[in-house]
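Asker: Handing you this structure, nothing more for now.
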């Protein structure tokens, strides 16, 4: 998709795709034939730039035909470079960082007041934690005891300008969320079994929102992209694409 | 002109409480602003439909969108100065782009907060809000129109921004002469064929006052209440340009990007005529109450009438 469109956010898509796989194929309850089902679990991609992996997962889950992925980046497509409501399965447009958590708080609050038991999952980036609105949402989630809200942090420690801690030191995000009143667990964000266990079992503490701090690798799966900030939004060459696909296919055969 | 009656924010909160008692999906969200919005009674009577965000406008608007996407019709209410700036990105993305059923109610708009200064003025809100596709923009002028608009918003889906003033205002409308306020339709308040004065919000009263002063001198001023900034009544504006040949706009907003700009955008493309945009100049206003600032900048019946006489005289000379 990114190769053909000559643009996209490949690094973050690869760091978060295992989290999306866990959510959409193991954890969440939804009906792709009825995306507006009031009982569905909600998912918000707050780090909206990791859209390519998200589109692939939505298509595989049956929200729209996989053949349409080829449209990505073409004129007039529903598949913009950030999620929009034109795409079945998307709950809220995103792309401007720091928006997802407050929206997820509103969704979880509505469910709480209506006595509904579905869960709301919000996937954020670690660079995104620089946005103040994230912390407004974090405060409200704990204040309203939204234990059906699950935040997931794709902690790849890289953002567009370099290492997150060198751009703006976040200090301990686990301690920060815990001090705001969240229950926090750290997992290997590429260990599907660990992700499934953590996400399926939330809420872990009654009355507290849950944060899954997922340690991930930007560019995961393509050795030459891994942990390189330059691959935040770089387009691979024909050779690099072939190399990455070869590595991913070999890894898939071995697993 | 009748004596100052009820403020628009009181008219809004009274109507909203009444409507919310009948509709459990109607929600109000505040940002430590329930007192200034006058929603204390709502919060006490309907705690399950009230959400406090604390001093966090971005979170308030984001939460409102999340609630709306879960089937609620949400009025997120607080000072216009903050909702039209601090949380503007949330209004743009979570409300307008998402098509959320959220009504952003900016209270104490314009220079309602007077001497509190530029931090608390919202003289840019119409400019920014009307540039977002899908977001309606309304500015009612009295308690009667505000209550009617609140009833409309509570029964119609879709994103909207409403600016309300803080102080008590004299009635423009009354129940004895019912007016159907339809979005996209300006209201003709005073007929005239020499020129047209288009006003909004608290400027409707001085506009009517100026028209009455000039009427006594044999000058006919058509007055339109353009409460629906978006959708805009392009037909009434074009008709006024064609039939009266000279337009004035009067608004409690910067002269950049507000009602005057919206009207100019129409007439330059349909029926170009001379036009004067009366509003706040592109500067930081001095300290003063809203009444003092209106006086300072000439938004009084006498001073508006002066501007109209000058323009009519200039036209006669040509």
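Protein chains in written order, with this note's numbering: chain A, 17 to 271; chain B, -10 to 307. Backbone N, C-alpha and C define an ideal beta-carbon position, used for all residues, glycine too.
1. Using a Cβ-Cβ cutoff of 8 Å, what residues of the region 203 to 227 of chain A are near chain B? List them in chain order.
2. Mapping DSSP to helix, strand and coil, what is residue 95 (chain B)?
3. Between which two residues does the beta strand (DSSP E) carrying residue 219 (chain B) extend?
4. Grab me the residues of residue 119 (chain A)'s own chain with a C-beta within less than 7 Å of its C-beta, minus the 5 sequence neighbours each way, in chain order.
5. Taking a Cβ distance cut-off of 9 Å, strictly less, list which residues of the region 105 to 117 of chain A are near chain B, in chain order.
6. What are the start and end residues of each continuous alpha helix (DSSP H) run of 4 or more residues lying completely inside the region 195 to 233 of chain A, in chain order?
7. Please list the partners that residue 123 (chain A) has in chain B, where partner means a Cβ-to-Cβ separation under 7 Å.
8. So which of B:210, B:279, B:43, B:-4 has the shortest CA-CA distance to residue 136 (chain B)?
9. I need the straight-line Cα distance from residue 83 (chain A) to residue 59 (chain B), nearest angstrom please.
10. Within its chain, find whatever has a CB closer than 6 Å to the CB of residue 147 (chain A); leave out the 5 residues flanking it on each side and keep chain order.
11. In whole angstroms, give me the CA-to-CA distance for residue 119 (chain B) and residue 150 (chain B).
12. Thinking C-beta only, is residue 209 (chain B) closer than 7 Å to residue 181 (chain B)?
13. Let me know the alpha helix (DSSP H) ranges lying completely inside the region 51 to 106 of chain B, each 4 residues or longer, listed in chain order.
14. Hey, does residue 179 (chain A) have any beta-carbon neighbour from chain B nearer than 7 Å?
15. For a contact defined as C-beta to C-beta under 8 Å, what are the partners of residue 129 (chain A) on chain B?
16. Checking contacts by CB at 7 Å: is residue 149 (chain A) closer than that to chain B?
17. Counting only C-beta atoms, is residue 103 (chain B) closer than 7 Å to chain A at any point?
18. To test your reading of the DSSP string, which unbroken alpha helix (DSSP H) runs of 4 or more residues are found completely within the region 77 to 160 of chain A?
19. Taking residue 183 (chain A) as the reference, give the member of A:174, A:190, A:191, A:75 with the closest Cα.
20. Listed in chain order, which residues of the region 170 to 200 of chain B have Cβ atoms closer than 7 Å to some Cβ of chain A?
21. Quickly, what does DSSP pair residue 179 (chain B) with across the bridge? List them, please.
22. I need the straight-line Cα distance from residue 225 (chain A) to residue 94 (chain B), nearest angstrom please.
23. Does any residue of chain B have a CB that is nearer than 7 Å to the CB of residue 286 (chain A)?
24. Near residue 300 (chain A), what residues of its chain come up, given a Cβ to Cβ distance below 8 Å and the 5 sequence neighbours on each side ignored?
25. Could you please give me the residues that DSSP links to residue 188 (chain B) through a beta bridge?
26. If I follow the unbroken beta strand (DSSP E) through residue 267 (chain B), where does it start and stop?
27. Just to confirm, are residue 178 (chain A) and residue 245 (chain A) a CB contact at a threshold of 7 Å?
28. At what residues does the alpha helix (DSSP H) containing residue 264 (chain A) begin and finish?
29. On the criterion of 16 or more Cβ atoms from any shown chain inside 10 Å, does residue 37 (chain A) qualify as buried, or is it exposed?
30. To the nearest angstrom, how far is it from the Cα of residue 176 (chain A) to the Cα of residue 161 (chain A)?
31. Assuming residue 11 (chain B) is part of the alpha helix (DSSP H), what are its boundary residues?
32. I want to see whether chain A comes within less than 7 Å of residue 118 (chain B), judged by CB atoms only; does it?
33. What residues are listed by DSSP as bridge partners for residue 177 (chain A)?
34. Using a 10 Å radius around the Cβ and a threshold of 16 neighbouring Cβ atoms, would you call residue 49 (chain A) buried or exposed?
35. If distances are taken between C-alpha atoms only, which option among B:275, B:68, B:172, B:199 comes closest to residue 225 (chain B)?
36. Closer than 9 Å, Cβ to any Cβ of chain A: which residues of the region 77 to 89 of chain B, in chain order?
Answerer: In terms of the structure at hand:
1. none
2. Taking the second chain and counting its residues from 1, one reaches residue 95 (chain B) at position 106. Strand at residue 95 (chain B).
3. Here the question's residue 219 (chain B) lines up with position 230 in the second chain. Note, residue 219 (chain B): beta strand (DSSP E), 217 to 219.
4. The residue you call residue 119 (chain A) lines up with position 103 of the first chain. 60, 108, listed in sequence order.
5. 107, 108, 109, 110, 111, 112, 114, 115, 116, 117
6. 208 to 217
7. As a position in the first chain, residue 123 (chain A) is number 107, starting the count at 1. The answer, in chain order, is 55, 58, 59.
8. Taking the second chain and counting its residues from 1, one reaches residue 136 (chain B) at position 147. Considering only alpha carbons, the answer is B:-4.
9. Position 67 of the first chain, counting from 1, holds the residue named residue 83 (chain A). Position 70 of the second chain, counting from 1, holds the residue named residue 59 (chain B). C-alpha separation (whole angstroms): 31 Å.
10. Looking up residue 147 (chain A) in the first chain gives position 131. So the qualifying residues of the chain are 113, 114.
11. Within the second chain, residue 119 (chain B) is the residue found at index 130, counting from 1. Within the second chain, residue 150 (chain B) is the residue found at index 161, counting from 1. Roughly 9 Å separates the two Cα atoms.
12. Within the second chain, numbered from 1, the residue matching residue 181 (chain B) stands at position 192. Within the second chain, numbered from 1, the residue matching residue 209 (chain B) stands at position 220. Against a cut-off of 7 Å, the Cβ pair of residue 209 (chain B) and residue 181 (chain B) comes out as a contact.
13. 69 to 72
14. Numbered from 1 along the first chain, position 163 holds the residue referred to as residue 179 (chain A). Answer no: the Cβ-Cβ gap between residue 179 (chain A) and chain B never drops below 7 Å.
15. Walking along the first chain from the start, residue 129 (chain A) turns up at place 113. Ordered by position in chain B, the residues that pass the 8 Å Cβ test against residue 129 (chain A) are 37.
16. Stepping through the first chain from its first residue, residue 149 (chain A) is reached at position 133. Taking Cβ atoms only, chain B reaches closer than 7 Å to residue 149 (chain A), which makes this a yes.
17. Within the second chain, numbered from 1, the residue matching residue 103 (chain B) stands at position 114. Answer no: the Cβ-Cβ gap between residue 103 (chain B) and chain A never drops below 7 Å.
18. 116 to 130, 148 to 159
19. Translated into the one-based positions of the first chain, residue 183 (chain A) becomes position 167. When only C-alpha atoms are compared, the closest one is A:174.
20. none
21. For this step, residue 179 (chain B) is matched to residue 190 along the second chain. Residue 179 (chain B) is bridged to B:212.
22. Your numbering for residue 225 (chain A) matches position 209 in the first chain. Your numbering for residue 94 (chain B) matches position 105 in the second chain. Whole-angstrom Cα-Cα distance: 30 Å.
23. Outside the displayed range of chain A (17 to 271) lies residue 286 (chain A), so it cannot be described from this structure.
24. Residue 300 (chain A) is absent from the structure shown; chain A starts at 17 and stops at 271.
25. Taking the second chain and counting its residues from 1, the one referred to as residue 188 (chain B) is at position 199. DSSP output for residue 188 (chain B) lists B:214, B:239 as bridge partner(s).
26. Residue numbering aside, residue 267 (chain B) sits at position 278 when the second chain is read from its first letter. It spans 264 to 269 - the beta strand (DSSP E) in which residue 267 (chain B) sits, taken as one unbroken run.
27. Position 162 of the first chain holds residue 178 (chain A). Position 229 of the first chain holds residue 245 (chain A). Result yes, Cβ atoms of residue 178 (chain A) and residue 245 (chain A) sit closer than 7 Å.
28. Walking along the first chain from the start, residue 264 (chain A) turns up at place 248. Taken as a continuous stretch (DSSP letters only), the alpha helix (DSSP H) holding residue 264 (chain A) covers 254 to 270.
29. Within the first chain, numbered from 1, the residue matching residue 37 (chain A) stands at position 21. So residue 37 (chain A) ends up on the buried side.
30. Position 160 of the first chain, counting from 1, holds the residue named residue 176 (chain A). Position 145 of the first chain, counting from 1, holds the residue named residue 161 (chain A). Taking the straight line joining both Cα atoms gives about 34 Å.
31. Reading the second chain from its first residue, position 22 is the one you call residue 11 (chain B). Run containing residue 11 (chain B): -3 to 11, per the alpha helix (DSSP H) assignment.
32. Here residue 118 (chain B) refers to the residue found at position 129 of the second chain. False, the Cβ-Cβ gap to chain A never drops below 7 Å.
33. One-based indexing of the first chain puts residue 177 (chain A) at position 161. Answer is none; residue 177 (chain A) lacks a bridge partner.
34. Locating residue 49 (chain A) in the first chain gives position 33, counting from the first residue. With fewer than 16 Cβ atoms within 10 Å of its Cβ, residue 49 (chain A) is classed as exposed.
35. As a position in the second chain, residue 225 (chain B) is number 236, starting the count at 1. For residue 225 (chain B), the nearest C-alpha among the options comes from B:172.
36. 78, 79, 81, 82, 83, 86, 87, 88, 89
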